[in-house]
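Some notes on the structure that comes next.
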Amino acid sequence: MNCEQNLSFNEIITKEFVQNALESEANGAPVPEIISHSATLGTKPGDNYMSVIYSVDVTLSDGTKRHLLIKCYPSHPKRQEFANKSNMFFRECEVYSKWIPELQRLQREVFGPDKDEAVKLPYAKFVHGQCINFQSEEGKNRLSAGPINSLDNFIILNDLRKTDGFRMANRLQPLDMDHMNLLISALARVHGLSWAYRSQVEADITGKFSFLKSNKTEKSIIGWNKVMLSSLAQAKDMFDKEFGLGNDCSVAADRFKEHVDATAKLLLGICTAEGMEKRFRIKEPDQEKFGRDAENPEPWRIICHGDCWINNMLFRYDPVTGKPLEIVLVDLQLVQETCLVNDLSYVTHVCARLERSQLDNLLHLYHDTFNSVCKKLRTPTLPGFCMDSLRFRFHRAKFLGYYTAMLDIPIMLKETKVGDMEDMEEGQDVAGTLAELCSDAGSNARIKERLVEITKKMIEDGVL
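Quick note: the sequence shown uses this note's numbering, first residue 112, plus one each step.
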């Protein structure tokens, strides 16, 4: 048992720790003393697979209050092993402390003091963070010294749930168009700023910021493929029971097994899309339905979120109408350079249930918002970026959407309580635990409905 389990939350997140964080944030400016602080768990057990989150309320000597969210390293050895290899914490800390400030600096140079003209970034305010880079020699040496303490790696943000009333959407329900419009617009703004930075400041972004480069290896995706294959097996069994042996959905799920490894490599940035079209029936799609690519097309590789499932976003709602007004994207551990269409494919297949007309409206919104950001920042748009090309490339990436949907939906829509992953039994690992979460998918009507629907759409669109 980890010794931290015997401590109160205030003993883990001490007054001294929080005071030091506020002083680091102030960067030399005077900081009021902390009179009192109260730390509690910031999320429900099982909501966060790669971290432990605390919510901290702070009363300061000048009468003001601060509400902070502190994201800490997991204590469980297997969770640490997974996080060490992926280097996710270091990546997220660097995104908050270096990449986002670079985007803000670019806007200051373009707009000067006119903050009203600036493109609003959908992120919480970064307070302080400290993370070990496990890919450095120093980090590798630290690993050999034994387990990592929870506060050796931490990220502190303003708790927008308490300061501004943000909250998560219900992960059991697909996002409606009001939520999706906010999400797609936010992604377009982030992508557009990334492209403007590449165009105006640094063409080789991952050369300057190596943490934005995928560090996945073929060995590292074995665990995810294990979860995916378990989910596909559950889905096939579900389809067989619903439609009989040899039905189209089961055949499609069986066929997709052959492509799991190659799709994972593409999704995680290990390989390119070259040759992938030949694996699927998407070589010559109906141009009226799915558009056509630009002549001499160039890759649309920019900095993407990479993990926009429903628990990784917060919304602020109108207190009277209940309509969502604003979105904040959280959990930036998978931010990396990849094709912008990957983010679009993920959110439209995993987070929503869309009619073709709704999907087309969202792609138009993305296209127009992206171009408006480019125009504001006086940057030519992406080469070949038009609605025809966007629709074509989105269609070409639907097999990525199928991979993420079959992987995430059985976990996301699990209705029974998900256990705290800090309590995994000895011998369990993260991938095995996630695979177990998919094991009862066949008994969940909501999961069955979504997986049947998405598989039928893939067949109808000629992807599977």
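All residues carry an ideal CB built from backbone N, CA and C; glycine is no exception. Remember, it's a predicted structure, so these values are computed and weren't measured experimentally.
- In its own chain, leaving out the 5 sequence neighbours on each side, no residue places its CB closer than 6 Å to the CB of residue 352.
- Checking the DSSP bridge columns, you'll see residue 266 partnered with 182 and 240.
- Taken through DSSP and simplified to helix, strand or coil, residue 314 comes out as coil.
- Within the same chain, 509, 512, 513, 515, 516 and 565 come within 8 Å of residue 460 by CB-CB distance, once the 5 residues on both sides are set aside.
- Beta-bridge annotation (DSSP): residue 345 is not paired with any residue.
- Going by C-alpha positions, residue 195 is about 6 Å away from residue 245.
- Membership of residue 171 in the beta strand (DSSP E) is indicated by the continuous run 163–171.
- Contact annotation: residue 493 and residue 210 have beta-carbon atoms that are not nearer than 8 Å.
- If you look at residue 508, you'll find it isn't in any beta strand (DSSP E); DSSP assigns it neither H nor E.
- The DSSP-derived three-state label of residue 449 is strand.
- Where residue 148 is concerned, the enclosing beta strand (DSSP E) starts and stops at 145–152.
- According to the DSSP secondary-structure assignment, residue 258 is paired through a beta bridge with no residue.
- The shortest CA-to-CA distance from residue 276 to any of 501, 433 and 571 is the one to 433.
- The stretch 260–275 and the stretch 225–241 touch, with three or more beta-carbon pairs separated by less than 8 Å.
- Judged by DSSP in its simplified three-state form, residue 273 adopts helix.
- For residue 424, the enclosing beta strand (DSSP E) starts and ends at 424–428.
- In the structure shown, residue 521 adopts helical secondary structure according to DSSP, grouped into three states.
- Here the stretch 466–478 makes no contact with the stretch 436–449; the two share fewer than three CB pairs at distances below 8 Å.
- Per DSSP, reduced to three states, the secondary structure at residue 204 is helical.
- Cα atoms of residue 572 and residue 247: separation of roughly 45 Å, rounded to the nearest angstrom.
- Residue 173 and residue 250 have their C-alpha atoms roughly 39 Å apart.
- Scanning its chain for C-beta atoms nearer than 6 Å, with the 5 sequence neighbours on each side dropped, one finds around residue 299 the residues 477, 480 and 481, in chain order.
- With fewer than 16 other Cβ atoms from the protein chains shown falling within 10 Å of its own Cβ, residue 175 counts as exposed.
- Around the beta-carbon of residue 206, 16 or more other beta-carbon atoms lie within 10 Å, marking it buried.
- The beta carbon of residue 222 is closer than 7 Å to those of 228 and 229 in its chain, skipping five residues each way along the sequence.
- By the criterion of at least three beta-carbon pairs nearer than 8 Å, the stretch 340–348 is not in contact with the stretch 252–261.
- Residue environment for residue 443: buried (at least 16 other C-beta atoms within 10 angstroms of its C-beta).
- Between residue 322 and residue 201, the C-beta gap is smaller than 8 Å, which places the two residues in contact.
- Of all C-beta pairs linking the stretch 137–151 to the stretch 420–436, fewer than three are shorter than 8 Å, placing the two stretches out of contact.
- Residue burial annotation: residue 521 is buried, with at least 16 other C-beta atoms found within 10 angstroms of its C-beta.
- Here the alpha carbon of residue 192 sits roughly 10 Å from the alpha carbon of residue 185.
- Excluding five sequence positions before and after residue 182, the CB atoms of its chain that fall closer than 7 Å to its own CB belong to 162, 164, 265 and 266, given in chain order.
- Using a Cβ distance threshold of 8 Å, residue 147 and residue 170 count as a contacting pair.
- Leaving aside the five residues that flank residue 309 on each side, the residues in its chain whose CB is nearer than 8 Å to its CB run, in chain order, 316 and 413.
- For residue 366, the uninterrupted alpha helix (DSSP H) segment begins and ends at 359–368.
- Taking C-alpha positions only, residue 292 is separated from residue 252 by approximately 46 Å.
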